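So in numbering that gives the first Met the number 0, spot 133 of the sequence shown is number 132, and the numbers just go up one at a time.
The beta-carbon is built from N, C-alpha and C at its ideal position, and this holds for glycine as well.
All of these numbers come straight from a predicted model, not from anything done at the bench.
Accompanying notes for the structure given below.
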Amino acid sequence: MALERAPIAPNPVICACFGHCGIGIGAEAYRWMLMDVGADPRRPVLKGEKEQMIVLRRYGSTVLRLGVPYKKAEIPLVPRALLIDLDPRAANLILQSYPELFTMKDKHALYGMGGAARNWAEGRSRFRDEIETKYDVQRRFEELSPEPVRGFNVPFAMGGGTGGAFASAFMEHVRNTGGGTQVVATFGVIPEFGWDPVILGPASISIIMNLDYQIKYSDTPVLIDNKALRHLAARFGEDLSKRTSVVDELPEELEIGWRDYRNMNLIPAHMISMFAASFTRETEWDMSNYRTWLASSKPRFIYPWLIPVVPRESEIDGILKAFAEARDGVLFDFEGEEPRRMVGEKSSACVLVKARGKFEHEQREALRRVIKDRFPTEDKRIIFIRIPCLGKEPGGILVLLNNKAIGNKILSIAKEAEEAWDGYKSEYERWGLKQEEFKQSLINVVNHFS
Numbered sequence: 000m001a002l003e004r005a006p007i008a009p010n011p012v013i014c015a016c017f018g019h020c021g022i023g024i025g026a027e028a029y030r031w032m033l034m035d036v037g038a039d040p041r042r043p044v045l046k047g048e049k050e051q052m053i054v055l056r057r058y059g060s061t062v063l064r065l066g067v068p069y070k071k072a073e074i075p076l077v078p079r080a081l082l083i084d085l086d087p088r089a090a091n092l093i094l095q096s097y098p099e100l101f102t103m104k105d106k107h108a109l110y111g112m113g114g115a116a117r118n119w120a121e122g123r124s125r126f127r128d129e130i131e132t133k134y135d136v137q138r139r140f141e142e143l144s145p146e147p148v149r150g151f152n153v154p155f156a157m158g159g160g161t162g163g164a165f166a167s168a169f170m171e172h173v174r175n176t177g178g179g180t181q182v183v184a185t186f187g188v189i190p191e192f193g194w195d196p197v198i199l200g201p202a203s204i205s206i207i208m209n210l211d212y213q214i215k216y217s218d219t220p221v222l223i224d225n226k227a228l229r230h231l232a233a234r235f236g237e238d239l240s241k242r243t244s245v246v247d248e249l250p251e252e253l254e255i256g257w258r259d260y261r262n263m264n265l266i267p268a269h270m271i272s273m274f275a276a277s278f279t280r281e282t283e284w285d286m287s288n289y290r291t292w293l294a295s296s297k298p299r300f301i302y303p304w305l306i307p308v309v310p311r312e313s314e315i316d317g318i319l320k321a322f323a324e325a326r327d328g329v330l331f332d333f334e335g336e337e338p339r340r341m342v343g344e345k346s347s348a349c350v351l352v353k354a355r356g357k358f359e360h361e362q363r364e365a366l367r368r369v370i371k372d373r374f375p376t377e378d379k380r381i382i383f384i385r386i387p388c389l390g391k392e393p394g395g396i397l398v399l400l401n402n403k404a405i406g407n408k409i410l411s412i413a414k415e416a417e418e419a420w421d422g423y424k425s426e427y428e429r430w431g432l433k434q435e436e437f438k439q440s441l442i443n444v445v446n447h448f449s
C-alpha cells in the first residue's frame, strides 16, 4: 500500500555522521533521544494522532514520520541521519542492528571503497571523488527531509583520515551549495595521543586542517577531548553501564572496536541530544542563534560541561544536587592548564537547562554562581536556555563555554604539525594538499588561537 506522507515539524536538522567515531556517536545520540521519550529504538513507532502529537513534540525536528497507513496504523519514526564513511562496515552494522529505525536503509548511508590510511588529504580527495561526485548529496537531503534543511549536526574524529577529512569537505560542500540559511554545528573529538590508534604527526596535521575548515565553515564548532571522555567513562562507568547502548545491540562477534568506546560515546551522545533539544523544543531559540552568539568571538570554538554526566533527576533542585555531589565533567581536557587564568573579558557561556517545573530566580542565580566560580564570566555574558522536560525524561544541564583556555593545547598541536609536515609532504601533495595550503591553514589556526 502506498504511503501517504503526513505533515512534519518545521526547521528540520540532519545529523551527518562521519567515520567510525562520528557514526558511533551520532547513532548513540539518536538512541539517547529515543530512550528519553520512552520509545523503543528497535521499533520506534507511533499509534494514533494523540501519541503522534505528544511524541513529535518531544522529538522536535530530529525525526521524520513516514505517512499513514502503515502496518495497521503504526507510523515509524525515521531519523534524519546520514552515515558517511569510506569503509561501509560501521554504517552497515548500525543499519542492520536497527532495521525498523533506519527504514529507508538505502537513503541513510553513503560510503566509498575503503579507508584513507589516516591521510587527511586522501580523505578529502576521495570525498570529492567517491561521495560528492558519485552521489547527489542534495537529493539525499531532500529524501530525508521533504522540507528545506535548516541545519546539520556533524560529529567526527579530528585525528583520523576519513572522518575529519570527510566532515571538512562536507562543511565546504554545504556552504558552497546551500541556500545560505543552513547552520552547521560540528562536534570534533580530539584524540588522546599514545592511547587512540592515531599516528602523531599525521594526526596533528589532520587536526590543524580540521580546525581551519571549522573556522571557515562551522557556525558552532564544539571541541571534545578523548582523554577527558576516557577519564569520565571510567569515573562514571557503573552508572553508564546501566544505560543501554548501540553496542549492546550489535552481534557479539562484531563488538570488537566498539566495546572500548561504548561509555565514552554515551557522554557526547547525551550532550548532542541536549544541544538538539535546545532548538527543537524551545520556541525562542533557533539553531542559528548559536552562530550569532559566536560571531564576534575569538576563538569561536566552545567546549561542553555536562551536569550530570549520567542523568538521574528531572527536577532542577535534584540536578543542582547532582552537581554538588560532583556528578559532572568538563569534556575538554586542559592537561593541567588552569582555565580561569586564561579567561578573557569576552568569555561567555550558553547554559541549556532541561528540567521539569519552574526554573526560579533563586535556582538560576545558584547555577550562575557555580559557573562563575569555575569559569569567571560576566553576568551579562551568560545566556540561559530553558528546555521543556516531558514525561519521565531525566533532566540535565549543558554549559557551552567560550573562552581562551583551549589555546595552549591547540598551539602545541600546531607546533607538532609544523614539525611533521616535511616528513609527510610528498604523500599529502600526491593527494592534492599542497604545502602552500597547509601552511596557510597553520597560520590561520595559530592566529585564531593565539
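Proximity to leucine 305 across Gln362, Val369, Leu293 peaks at Val369, based on C-alpha coordinates. In the assembly as shown, glutamine 434 is an exposed residue. Its beta-carbon has fewer than 16 other beta-carbons within 10 Å. Our two residues, alanine 116 and tyrosine 427, have alpha carbons roughly 11 Å apart in a direct line. A residue is called buried when at least 16 other Cβ atoms come within 10 angstroms of its Cβ; glutamate 283 does not meet this threshold and is exposed.
The beta carbon of cysteine 14 lies closer than 6 Å to those of Gly25, Ala80, Asn152 in the same chain, with the five residues before and after it left out. Only residues of its own chain outside the window of five on either side were considered, and among them Ala115, Gly160, Ala164, Trp430 have a CB closer than 8 Å to the CB of glutamate 121, listed in chain order. Looking at the DSSP output, valine 246 shares a beta bridge with no other residue. Under a 10 Å Cβ-count criterion, methionine 52 is classified as exposed, with fewer than 16 other Cβ atoms of the shown protein chains found around its own Cβ. Burial state of isoleucine 93 is buried, judged by a 10 Å Cβ sphere holding 16 or more other Cβ atoms.
For the pair of segments examined, the segment 123 to 139 was found not to touch the segment 218 to 227: the number of CB pairs separated by less than 8 Å stays below three. Distance from the CA atom of asparagine 209 to the CA atom of glutamate 171, rounded to whole angstroms, is 11 Å. For proline 303, the closest alpha carbon among the candidates Lys104, Gly187, Phe155 is that of Gly187. The beta strand (DSSP E) runs lying completely inside the segment 93 to 178 and spanning 3 residues or more are 108 to 110, 150 to 156, given in chain order. Contact annotation: tyrosine 134 and leucine 100 have beta-carbon atoms that are not nearer than 7 Å.
Comparing alpha-carbon positions, the option among Tyr423, Lys414, Glu418, Trp420 lying closest to asparagine 446 turns out to be Lys414. With respect to the C-alpha of alanine 90, the residue from Gly23, Ile204, Ser313, Gly59 having the closest C-alpha is Gly23.
Among the bridge pairs identified by DSSP, glycine 193 is matched with none. In summary, asparagine 264 is buried, with 16 or more beta-carbon neighbours lying within 10 Å of its beta-carbon over all protein chains present. By the Cβ-count criterion, histidine 269 is buried, with 16 or more other Cβ atoms from all chains shown falling within 10 Å of its own Cβ.
Distance from arginine 280 to isoleucine 204 at the Cβ level is roughly 40 Å; contact not present, criterion being Cβ atoms closer than 8 Å. Counted as a single uninterrupted DSSP element, the beta strand (DSSP E) harbouring asparagine 401 occupies residues 395 to 401. The closest CA to that of arginine 30, considering only Phe17, Tyr58, Ser346, Phe331, is found on Tyr58. The beta carbon of phenylalanine 278 is closer than 7 Å to those of Trp284, Asp285, Met286 in its chain, skipping five residues each way along the sequence. The Cβ atoms of proline 190 and glycine 158 sit closer than 7 Å to each other. Taking a cut-off of 8 Å for Cβ pairs, the segment 351 to 366 and the segment 414 to 425 do not touch, as fewer than three such pairs fall below it. With respect to the 7 Å criterion, valine 182 and aspartate 218 are classified as neighbours on the basis of their beta carbons. Look at alanine 323 here: in three-state DSSP terms it is helix.
For valine 62, the enclosing beta strand (DSSP E) begins and ends at 62 to 64. Non-local C-beta neighbours of leucine 410 in its own chain, meaning closer than 8 Å and more than five positions away in sequence, comprise Val445, Phe448, Ser449, ordered along the chain. The residue from His19, Gly18, Leu33 with its alpha-carbon nearest to that of serine 244 is Leu33. Taking a 10 Å sphere around the C-beta of asparagine 401, we find 16 or more other C-beta atoms and assign the residue as buried. Check the Cα spacing between glycine 21 and each of Ile83, Glu377, Thr102, Trp292: the tightest is with Ile83. Looking at the DSSP output, proline 387 bridges to Ala354.
By the Cβ-count criterion, serine 440 is buried, with 16 or more other Cβ atoms from all chains shown falling within 10 Å of its own Cβ. In terms of Cβ geometry, glycine 162 and phenylalanine 17 form a close pair [threshold 7 Å]. Bounds of the beta strand (DSSP E) holding glutamate 73 are 73 to 78.
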